[in-house]
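Trainee:
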Amino acid sequence: MNVVTRFAPSPTGYLHVGGLRTALYSYLYAKQQNGTFILRIEDTDQARLVPGAVDALIATLKTMGLPPDKGPYIQSERLELYREHVQRLLDKGDAYYCFCTKERLTALREEQQAMKSPMKYDRTCLHLSKDEIASKIAANEPHVVRLLVPEGKTTFTDEIRGEITIDNKEVDDQVLLKTDGFPTYHLAVVVDDNDMSVTHIIRGDEWISSVPKHVILYNMFGFTLPKFAHLPLILNPDKSKLSKRQGDVAVEDYLAKGYLPETLTNFVALLGFNPTADREIYSFDELVQLFDLSKINKSGAVFDHAKLDWMNGMYLRTKSTPELIALAKPFFEKSQVSIDPSFLERICEIEKDRLVTLQDLADRALEYLQSIEFDPAILVWKKADATDAKMHLVALRQVLEKTPDDMFTDRILLEAAVKKYIEEGSYQNGNVLWPLRAALSGKEKSPNPFELLWIFGKQESLKRIDHAVSLLK
RNA sequence: GGCCCCAUCGUCUAAUGGUUAGGACAUCAGGUUUUCAUCCUGGUAACAGGGGUUCAAUUCCCCUUGGGGUCACCA
Numbered sequence: 000m001n002v003v004t005r006f007a008p009s010p011t012g013y014l015h016v017g018g019l020r021t022a023l024y025s026y027l028y029a030k031q032q033n034g035t036f037i038l039r040i041e042d043t044d045q046a047r048l049v050p051g052a053v054d055a056l057i058a059t060l061k062t063m064g065l066p067p068d069k070g071p072y073i074q075s076e077r078l079e080l081y082r083e084h085v086q087r088l089l090d091k092g093d094a095y096y097c098f099c100t101k102e103r104l105t106a107l108r109e110e111q112q113a114m115k116s117p118m119k120y121d122r123t124c125l126h127l128s129k130d131e132i133a134s135k136i137a138a139n140e141p142h143v144v145r146l147l148v149p150e151g152k153t154t155f156t157d158e159i160r161g162e163i164t165i166d167n168k169e170v171d172d173q174v175l176l177k178t179d180g181f182p183t184y185h186l187a188v189v190v191d192d193n194d195m196s197v198t199h200i201i202r203g204d205e206w207i208s209s210v211p212k213h214v215i216l217y218n219m220f221g222f223t224l225p226k227f228a229h230l231p232l233i234l235n236p237d238k239s240k241l242s243k244r245q246g247d248v249a250v251e252d253y254l255a256k257g258y259l260p261e262t263l264t265n266f267v268a269l270l271g272f273n274p275t276a277d278r279e280i281y282s283f284d285e286l287v288q289l290f291d292l293s294k295i296n297k298s299g300a301v302f303d304h305a306k307l308d309w310m311n312g313m314y315l316r317t318k319s320t321p322e323l324i325a326l327a328k329p330f331f332e333k334s335q336v337s338i339d340p341s342f343l344e345r346i347c348e349i350e351k352d353r354l355v356t357l358q359d360l361a362d363r364a365l366e367y368l369q370s371i372e373f374d375p376a377i378l379v380w381k382k383a384d385a386t387d388a389k390m391h392l393v394a395l396r397q398v399l400e401k402t403p404d405d406m407f408t409d410r411i412l413l414e415a416a417v418k419k420y421i422e423e424g425s426y427q428n429g430n431v432l433w434p435l436r437a438a439l440s441g442k443e444k445s446p447n448p449f450e451l452l453w454i455f456g457k458q459e460s461l462k463r464i465d466h467a468v469s470l471l472k
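Residue numbers (numbering that gives the first Met the number 0): 0 to 472.
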């Protein structure tokens, strides 16, 4: 059997991280089985069309490394197919016309709610005669087509959860074809998955309660039932379904903040399972190889930003300086400041271990470009005083002044020069290094002074030392 | 509320009918160090509760509790 999986989002304009994981698992499974991964756009809700959404989605899938093998299939372009299928149901008596107005349905629902009875359609229109139906249709009365749910129970097997049985009494006579002639999700998903020979439906847990409707339809049409795998939900820290209210949910948002695509796929892949006992970092190829539907957890997983940050830092550190600069380019373009390439290279080299996101790199670089203002108190080491700090800065200025320019291209030589000064004077490291570092960075916390000298070069370094000396008066 | 699903450190997870219940993030303490970051070492921290089954249950079964999902002419 040739495996076919699909990702079937509605075009909302962005890719939800839950959607990312669904797409990823579907993709991984298809690739592992030498199967096909399909993209299908479920745009049957005319009220919620978002212009440009499909292109944006495809672009994001591509940057995430999940390009579909086939598609996109667009449901709104396949209306005839759904209508034909509805007609088949109508002819067999498995579906029926319903002319009830929204007002009546709302009233019915309110009544049922008040009575605390289950909220279901009351089948009023099921009892219409053929003539009544014909005349209403002839009169152009708005109508929908509903599924006639048979009595009994529906049992299906979920690849992750095992066997699930639901009494058909719980299943509403679902609308299949809407007033506007568009299908609902439930009809379209069944018709399309069958039409596209989908073998494995991998999707979020929130769909599990509507599987009976789908199974009923598969049986009515005589279609072969695919395998279902309902993924546990991705959760907010408070354990509710991951939502926009509690932070970013769009993959595009994370990319825009400077998280790497490989971080995101790796991280999200591990929300629900882990192929081994003692590892967190997996390449994409490893994920393809190690993915296992049967190992997926049943319970929801909280999206932990702290761990995401850690993982992105790990991935960032595996990048070479040129790679990092190329990746961060869009973030520099946002700030519209031009930076000398070799200056940027040095910053990158030094800041690499301190980054959480690519945005951080752009932010740091900008800071290095800015002239600094700071409280002179930070120039003084905790075990020394201002006089001492000033003395060393003045002396270091002289040392550095005499240092040949080309020595500033070598961190080791720079360090040797400063260390020599310390040694010759028998000073404490802190007495010398602290003021120098603070003078160069203007901060209490920063990279070490040798790295800073290297980043800034001779001219800017001397300038910053002069400035610090002037502050100490 | 009806129905469905779920339950291992704070979080993501591993494993098992008999283990000191493992790893990672976070956190704490130390080391390296002028500070930060990196790096290294170590620590705190979990089988929701109650019944069974069994020589033995975290593991199998049941109940309770807790959490979540779903109940649209949205997907």
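Beta carbons: idealized from backbone N, C-alpha and C, even for Gly.
Between which two residues does the alpha helix (DSSP H) containing residue 448 stretch?
Mentor: From DSSP, the alpha helix (DSSP H) with residue 448 extends over 448-471.
Trainee: Report the residue from 354, 5 and 373 whose alpha carbon sits nearest the alpha carbon of residue 364.
Mentor: Nearest C-alpha to residue 364: 354.
Trainee: Using a Cβ-Cβ cut-off of 6 angstroms (strictly less than) and excluding sequence neighbours within five positions of residue 232, which residues of its own chain qualify?
Mentor: Once the five neighbours on either side are set aside, the close Cβ partners of residue 232 are 204, 240 and 299.
Trainee: For residue 361 and residue 276, I'd like the C-alpha separation in whole angstroms.
Mentor: Between residue 361 and residue 276, the C-alpha separation is close to 36 angstroms.
Trainee: I need the DSSP call for residue 99, collapsed to helix, strand or coil.
Mentor: Three-state DSSP puts residue 99 in coil, outside helix and strand.
Trainee: Mapping DSSP to helix, strand and coil, what is residue 83?
Mentor: Residue 83 falls in the helix class under three-state DSSP.
Trainee: Could you tell me the alpha carbon to alpha carbon distance between residue 444 and residue 412, rounded to whole angstroms?
Mentor: For residue 444 and residue 412, the distance between alpha carbons rounds to 23 angstroms.
Trainee: Looking only at C-alpha atoms, which of 321, 341 and 368 sits nearest to residue 335?
Mentor: Ranking 321, 341 and 368 by Cα distance to residue 335 puts 368 first.
Trainee: Using a Cβ-Cβ cutoff of less than 7 angstroms, which residues in the same chain neighbour residue 53 once the five nearest sequence positions on both sides are dropped?
Mentor: If we look at residue 53 and ignore the five residues flanking it on each side, its Cβ neighbours are 10, 40 and 71.
Trainee: From the DSSP output, in three-state form, read off residue 402 for me.
Mentor: Looking at residue 402 - three-state DSSP - the assignment turns out to be coil, as it is neither helix nor strand.
Trainee: Can you tell which of 302, 271, 289 and 193 has the C-alpha that lies nearest to the C-alpha of residue 247?
Mentor: Here the closest residue by C-alpha is 302.
Trainee: Have a look at residue 172 and residue 293 and give me their C-alpha separation to the nearest angstrom.
Mentor: Computed Cα separation, rounded: 33 angstroms.
Trainee: Can you say whether residue 74 is buried or exposed, counting buried as having 16 or more other CB atoms within 10 angstroms of its CB?
Mentor: Classification of residue 74: buried, given that the 10 Å Cβ count is 16 or more.
Trainee: Give the straight-line distance between the Cα atoms of residue 108 and residue 121, rounded to the nearest whole angstrom.
Mentor: Rounded to the nearest angstrom, the two C-alpha atoms are 10 angstroms apart.
Trainee: How many Å lie between residue 202 and residue 158 at the Cα?
Mentor: When rounded, the distance between both Cα atoms is 11 angstroms.
Trainee: Identify every residue that forms a DSSP beta bridge with residue 164.
Mentor: In the DSSP output, where bridge partners are listed per residue, residue 164 has 154.
Trainee: Spell out the partners DSSP gives residue 72 in its beta bridges.
Mentor: Bridge partners of residue 72: 39.
Trainee: Between residue 464 and residue 395, what straight-line distance do the alpha-carbon atoms span, to the nearest angstrom?
Mentor: Roughly 9 angstroms between the two C-alpha positions.
Trainee: Ignore the nearest five residues each way along the sequence and tell me which others in residue 438's own chain have a CB closer than 7 angstroms to its CB.
Mentor: Excluding sequence neighbours, residue 438 sits near 378, 392, 463, 464 and 467.
Trainee: Measure the beta-carbon distance from residue 98 to residue 140 and round it to whole angstroms, keeping in mind my assumption that it falls under 8 angstroms.
Mentor: Yes, they are in contact, since the Cβ atoms of residue 98 and residue 140 sit about 5 angstroms apart, within 8 angstroms.
Trainee: Assign residue 48 to one of two classes, buried (16 or more other C-beta atoms within 10 Å of its C-beta) or exposed (fewer than that).
Mentor: With fewer than 16 other Cβ atoms within 10 Å, it is exposed.
Trainee: Buried or exposed, going by whether 16 or more other CB atoms sit within 10 Å of the CB of residue 417?
Mentor: Label assigned to residue 417: buried.
Trainee: Can you grab the Cα-Cα spacing for the pair residue 306 / residue 77, in whole Å?
Mentor: About 43 angstroms.
Trainee: DSSP three-state label for residue 6, please.
Mentor: Strand at residue 6.
Trainee: What residues in its chain sit with their C-beta under 6 angstroms from that of residue 24, if we drop five residues either side in the sequence?
Mentor: Contacts found: 201.
Trainee: Return helix, strand or coil for residue 142, following the three-state DSSP convention.
Mentor: Residue state, collapsed to three classes: coil.
Trainee: Would you call the CB atoms of residue 165 and residue 156 closer than 8 angstroms?
Mentor: Taking 8 angstroms as the Cβ cut-off, residue 165 and residue 156 do not qualify as a contacting pair.
Trainee: Comparing alpha-carbon positions, which option in 183, 81, 407 and 428 lies nearest residue 458?
Mentor: Of 183, 81, 407 and 428, the residue nearest in Cα terms is 407.
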